[in-house]
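**Q** Here it is, the structure in full.
In the numbering used here, the protein residues as written are 291 to 557.
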């Protein structure tokens with residue numbers, strides 16, 4: 291069978307895994323406490339995948355557990371301002387630990403990247419869950435972000451011809467990117483009407499920005515994987531790879547959506 295005829299072979303497995311992802315997501319956002327546990331687990335798993343990707347020579351599990359537990363207690367006891375302040379303290383402790391191990395400058399920078407994503411980017415999902423739009427806002431940003439990935443993937447499969455970042459992610463195409471953003475804008479208007487009670491201008495801006503920033507989150511993670519010569523960050527999610535492979539678009543989308551939401555809802 292020619293490769294062209296088999297390019298959709300992984301779709302059934304990806305869809306099956308999506309069913310499990312949706313179930314876990316539904317449980318994770320069902321209650322504010324469950325959300326804090328859910329995001330802390332995400333940070334634990336993603337930090338572990340980062341350590342493995344960066345080939346860090348230390349006890350990966352223990353250090354990842356420290357990140358996950360620290361994050362849970364900070365999210366549980368502190369407001370957003372104090373959370374970031376104390377997360378900075380946790381980050382300094384971890385960086386000092388790697389300095390004591392006499393890690394290379396490159397590896398320290400890699401660990402810093404992992405800390406920024408796990409302790410500062412992903413927790414915005416909790417803050418979104420706790421804002422005035424509550425559970426509807428978290429459903430909106432996650433569904434729009436993840437379906438943007440799906441749209442770009444499918445548009446690229448069907449229509450992709452022109453490579454957009456061939457040296458970083460050879461499978462990404464201009465057609466997939468543009469088609470994905472267009473469909474994301476449509477989806478944003480549909481979900482925004484029902485979930486956020488927002489107007490067409492707000493929904494269009496959100497769809498446009500989340501479609502683009504989600505793409506760059508994906509490309510950023512692809513860049514890190516290519517630099518470290520790996521295809522996937524793990525095998526937790528069959529057909530998708532590791533959790534980081536599935537969460538990459540939220541690296542930028544979660545903070546951007548949180549800080550934009552209040553402003554845009556007043557338009």
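Glycine residues also receive a C-beta, built at the ideal position from the N, C-alpha and C atoms. Remember, it's a predicted structure, so these values are computed and weren't measured experimentally.
1. Between which two residues does the alpha helix (DSSP H) carrying residue 327 extend?
2. Please check the pair residue 498 and residue 455, which I expect to be a contact at CB under 8 Å, by giving their CB distance rounded to whole angstroms.
3. Spatial neighbours of residue 391 within its chain, please: C-beta separation below 7 Å, excluding the five flanking residues on both sides.
4. For my contact list, residue 409 and residue 320 are in at a C-beta cut-off of 8 Å; report their separation, rounded to the angstrom.
5. The alpha helix (DSSP H) that contains residue 436, what's its start and end?
6. Check residue 524 in the structure and name its three-state DSSP category.
7. Is DSSP giving residue 307 helix, strand or coil here?
8. Are residue 414 and residue 510 touching if we call contact CB-CB under 8 Å?
9. Can you round the beta-carbon distance between residue 336 and residue 534 to whole angstroms, since I take them to be within the 8 Å contact cut?
10. Inspect the beta-carbon positions of residue 543 and residue 433 and report whether they are closer than 8 Å.
11. May I have the straight-line CA-CA distance separating residue 463 from residue 445, to the nearest angstrom?
12. Inspect the beta-carbon positions of residue 418 and residue 428 and report whether they are closer than 8 Å.
13. Beta-carbon within less than 7 Å of residue 327's beta-carbon, same chain only, minus the 5 sequence neighbours each way: which residues are those?
14. The alpha helix (DSSP H) with residue 420 in it runs from where to where?
15. Check for me: the alpha helix (DSSP H) holding residue 508 runs from which residue to which?
**A** For this structure:
1. For the purposes of this step, residue 327 is taken as the residue at position 37 of the chain shown. Where residue 327 is concerned, the enclosing alpha helix (DSSP H) stretches over 322–343.
2. Counting from 1 along the chain shown, the entry for residue 498 is found at position 208. Counting from 1 along the chain shown, the entry for residue 455 is found at position 165. No, residue 498 and residue 455 are not in contact; Cβ-Cβ is about 20 Å, not under 8 Å.
3. One-based indexing of the chain shown puts residue 391 at position 101. Same-chain partners within the cutoff: 348.
4. For the purposes of this step, residue 409 is identified with residue 119 of the chain shown, where counting begins at 1. For the purposes of this step, residue 320 is identified with residue 30 of the chain shown, where counting begins at 1. Actually they are not in contact, since the Cβ atoms of residue 409 and residue 320 sit about 24 Å apart, beyond 8 Å.
5. Residue numbering aside, residue 436 sits at position 146 when the chain shown is read from its first letter. 424–449 is the extent of the alpha helix (DSSP H) around residue 436.
6. Here residue 524 corresponds to residue number 234 of the chain shown, with the count starting at 1. Of the three classes helix, strand and coil, the one that applies to residue 524 here is coil, per DSSP.
7. Walking along the chain shown from the start, residue 307 turns up at place 17. Looking at residue 307 - three-state DSSP - the assignment turns out to be helix.
8. Reading the chain shown from its first residue, position 124 is the one you call residue 414. Reading the chain shown from its first residue, position 220 is the one you call residue 510. No, these two residues do not count as a Cβ contact at 8 Å.
9. In the chain shown, the residue the question calls residue 336 occupies position 46. In the chain shown, the residue the question calls residue 534 occupies position 244. With a Cβ gap of about 5 Å, residue 336 and residue 534 count as contacting.
10. Looking up residue 543 in the chain shown gives position 253. Looking up residue 433 in the chain shown gives position 143. Not in contact: residue 543 and residue 433 (Cβ atoms no closer than 8 Å).
11. Counted from its first residue, the chain shown places residue 463 at position 173. Counted from its first residue, the chain shown places residue 445 at position 155. So the two alpha carbons sit approximately 9 Å from each other.
12. On the chain shown, residue 418 is found 128 positions in, with the first residue counted as 1. On the chain shown, residue 428 is found 138 positions in, with the first residue counted as 1. A contact, by the Cβ cut-off of 8 Å.
13. As a position in the chain shown, residue 327 is number 37, starting the count at 1. Contacts found: 362.
14. The residue you call residue 420 lines up with position 130 of the chain shown. Premise fails: residue 420 is in no alpha helix (DSSP H) and is neither H nor E.
15. Within the chain shown, residue 508 is the residue found at index 218, counting from 1. Looking at the DSSP string, the run of the alpha helix (DSSP H) that includes residue 508 is 490–517.
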